[in-house]
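These protein sequence lines are chains D, P, V and C, in that order.
Per the numbering used here: the first sequence = residues 46 to 233.
Per the numbering used here: the second sequence = residues 46 to 233.
Per the numbering used here: the third sequence = residues 46 to 233.
Per the numbering used here: the fourth sequence = residues 46 to 233.
The beta carbon of each residue, even a glycine, is placed where N, CA and C say it ideally should be.
Working notes, beginning with the structure itself.
Number of protein chains: 4
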Amino acid sequence: MSHPRPIKLGILLGSLRRGSFHGAVARALPGLAPDGVTISQLPSFRDFPIYDADIQAEGIPGPVELLAEAIRSVDGVVIVTPEYNYSVPGGLKNALDWVSRLQPQPFAGKPVAIQSGSIGPIAGSRAQYHLRQIMVFLDALVLNKPEIMIGTIQSKLDETTGELSDETTRGFIGKQLEAFAAYVRKVG
Amino acid sequence: MSHPRPIKLGILLGSLRRGSFHGAVARALPGLAPDGVTISQLPSFRDFPIYDADIQAEGIPGPVELLAEAIRSVDGVVIVTPEYNYSVPGGLKNALDWVSRLQPQPFAGKPVAIQSGSIGPIAGSRAQYHLRQIMVFLDALVLNKPEIMIGTIQSKLDETTGELSDETTRGFIGKQLEAFAAYVRKVG
Amino acid sequence: MSHPRPIKLGILLGSLRRGSFHGAVARALPGLAPDGVTISQLPSFRDFPIYDADIQAEGIPGPVELLAEAIRSVDGVVIVTPEYNYSVPGGLKNALDWVSRLQPQPFAGKPVAIQSGSIGPIAGSRAQYHLRQIMVFLDALVLNKPEIMIGTIQSKLDETTGELSDETTRGFIGKQLEAFAAYVRKVG
Amino acid sequence: MSHPRPIKLGILLGSLRRGSFHGAVARALPGLAPDGVTISQLPSFRDFPIYDADIQAEGIPGPVELLAEAIRSVDGVVIVTPEYNYSVPGGLKNALDWVSRLQPQPFAGKPVAIQSGSIGPIAGSRAQYHLRQIMVFLDALVLNKPEIMIGTIQSKLDETTGELSDETTRGFIGKQLEAFAAYVRKVG
């Protein structure tokens, strides 16, 4: 029996807060990956300047180059992000704006999966559809389903360790990673 | 005959580039304001850090306080912005994310008008509808019409001075400011 | 002490199914209205043809005229609708398309509130933001908050009578109607 | 040298008007198809009832079955549509709502390309992004680029014949069909 092609995924985390709920989701992903899939965190956008074409003209900042190169080096990107004010966090959008200016553009033809959550029930879904529209311009290939939207995300973490412990949520995420691996192997 | 109540508007500019086309639009607004309306630029978000709740916990950064206070002090905000990657520029969204965390929240009940442009024909309209969705959460009161979407914006500027010279565009903007002034007087 | 101006609201129901969950929400509204507010159902779009400008050229269909006139006669419209396929039900959109062609356009300057629900947790929110974008073109004045999104809507109805019995949901809806009445009195 | 796999595309037209500009675009597509690609019109949704689950319970209407079966029989769908009121025409949405209820769901895994136009410059783009969101739920595979948005569409037709004569527009459409054929061969 043949083994499926091994693939490497990178996680782009939309939140910077140390105790971020989405950080906990991101940390859980390697343990939920199907066979043949390795997942690791992409470099943070923490030290990106606010995008300004005048800065770009002076040279691409190091942290931008680093993230762009890391995205290029993986077979697919999993964006794990909260929703801020009914849309994509400004920091995450700023990161996408920066890397989109580099050539070769890192997201062109890149498979992408999205995971979001919120402390309320709507679970960041509004941010996901804005992200999908952004990804049309970037020419990324965004997985349709299953969508991961984690409502009342704070209740899905272990109270002591802060890690993602809810088995139902872990199961859903595992299913998305499986579907994403198949998608990456097909379209990537 | 009674005079309409004088109103003060502030411009929130979505671009940082020195030679920004949208900067030219912003500079034109005071000269296009109807009687009784004064318009000035709000402080830039240039020096905002990327939003991080841990930074917020240590204290609101000065430039954030400054913008928030300036928004509170005007009767209405005109957002003049390019579109980046089919959505709101990350820097502008980051600014909205920051000021939305302050109390009293500066956009709550605040009248807002939107102007965008692009070098192509779609004229930033995709960014406008994302902005409108964001403004629902912020509870701002966004003017419906007329919408200002400036296609091939580079061709609407004077080649020598770089200022907004296209009379048709100036006329449209004047009409929006007139409608916005009436809206501010009604709902503000 | 002066009494607030009495206002009349009309409900536009997005679903045609006899046993519609949203029909139950619509039936609950009159009983949840604040003092001075009367609410009644607007005529259905059940007998609207699919929009076709050739049909329009032959004369506006009777049911379209009827709905348009009913919308014009109320002080505000409450749209109560499910979400179909991550957007507005085609039937509801078709109704909006038809009435938008009449002069005076019924939604111009008309206050609108939105309520949606779904059997899942996302509660029709995706349909709401598409509706809001549509309402920009129609120049309606859509209430920002509170938003009514009823998750697991089937569990909020009385099992025997099928009526909206969940007290928390009824309370939220009452709050929206109160906010909407104040909004109508201000902007309508 | 091997020949690429022949593929069959179907056009879903969003407008019913006899003299529809988008009908002219649809009629041009077969003549713009790359080698190995045949394109024909899918059945109209003209005779669809407004979606009502009670009607569905009595049996799927014939025209719905016909369109669903036709979609299943092609390798990809090209949606050619105007924008009504900043979104998808109600008639087209109603058609999608109906066919989405059938099993196997016709759009699941189906490649889709979108073309829109308008008499103004924004060219129906607002309808395209709503369509894309709908297609996430339907699990269709929507081509990213090139996007076809035909501004001032009336000026792109031959004044005498009413057919799509503008060579630039025809060229863009040919490029999209080429990209779509490659996409269908890859993901379909």
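Contact annotation: in the segment 169-199 of chain D, residues whose CB is within less than 8 Å of a CB in chain V are S170, R171, Y174, M194, G196. Residue pairing from DSSP places D:Y129 in a beta bridge opposite D:S132. Closest option to P:Y228, judged by alpha-carbon separation, among P:T205, P:A158, P:P134: P:A158. In chain order, N139 place their CB closer than 8 Å to the CB of P:I95, counting only its own chain and leaving out the 5 sequence neighbours on each side. Two segments are said to touch when three or more pairs of C-beta atoms, one from each, lie closer than 8 Å; by this definition the segment 111-127 of chain V does not touch the segment 172-186 of chain C.
DSSP links D:Q150 through a beta bridge to no other residue.
At the C-beta level, P:Q86 and P:I116 stay beyond 8 Å of one another. Within the model, the alpha-carbon separation for C:Q160 versus D:I193 is close to 30 Å. Secondary structure note for D:I159: its beta strand (DSSP E) is the uninterrupted segment 156-162.
Against D:K138, chain C offers no close residue; the least beta-carbon distance is about 16 Å (beta-carbon pairs closer than 9 Å). Contact between P:D184 and P:F152 holds: their C-beta atoms lie close to 7 Å from each other, under 8 Å. Contact check for C:D142 against V:N130 passes: the beta carbons are separated by less than 8 Å. Chain V places a beta carbon closer than 8 Å to that of D:P166, counting this residue as a contact. Following the DSSP letters along the chain, one finds C:S85 inside the beta strand (DSSP E) bounded by residues 82-86.
Rounded to the nearest angstrom, the gap between the Cα atoms of D:F93 and V:V119 is 52 Å. Annotated three-state conformation of D:V229 is helix, per DSSP. Neighbours of D:K231 in chain C, taken as residues at a C-beta separation under 9 Å, are given in chain order as K231, V232. Between V:G162 and the set V:K231, V:F90, V:G68, V:Q101, the nearest pair of CA atoms involves V:G68. When rounded, the separation of the alpha-carbon atoms in P:R171 and V:E204 is 44 Å. The CB of V:A98 comes closer than 7 Å to the CB of R62 in chain C, given here in chain order. Taking CB atoms only, D:Y131 has a neighbour in chain P less than 8 Å away. Within chain V, the residues placing a beta-carbon under 7 Å from that of C:D142 are Y129, N130, P134, G135, ordered along the chain. In this structure, the straight-line span from the alpha carbon of C:E114 to that of C:G104 is close to 15 Å. Within chain D, the residues placing a beta-carbon under 8 Å from that of P:F93 are I95, ordered along the chain. Our two residues, C:A168 and D:L137, have alpha carbons roughly 29 Å apart in a direct line. P:T214 counts as buried, since at least 16 other C-beta atoms from the protein chains shown sit within 10 angstroms of its C-beta. When the beta-carbon positions are compared, P:I198 and P:F66 come within less than 8 Å of each other. Shortest Cα-Cα distance from P:G207 to any of P:P49, P:L58, P:V70, P:G196 involves P:V70. DSSP, reduced to helix, strand and coil, places V:G207 outside both helices and strands of the structure shown, so it counts as coil. Here the alpha carbon of D:E223 sits roughly 7 Å from the alpha carbon of D:A78. Annotated as distal: D:P134 and D:G196, with beta-carbon spacing of 8 Å or more. D:S145 reaches chain P at N130, counting residues in chain order whose Cβ is nearer than 7 Å.
The closest CA to that of D:E128, considering only D:G216, D:I164, D:G219, D:E110, is found on D:I164. Residue pairing by DSSP places V:G196 in no beta bridge whatsoever. In the DSSP secondary-structure assignment, P:L54 is bridged to P:I84, P:G121. Legend: CB atoms of the segment 70-94 of chain D lying less than 8 Å from CB atoms of chain P belong to residues F90, R91, F93.
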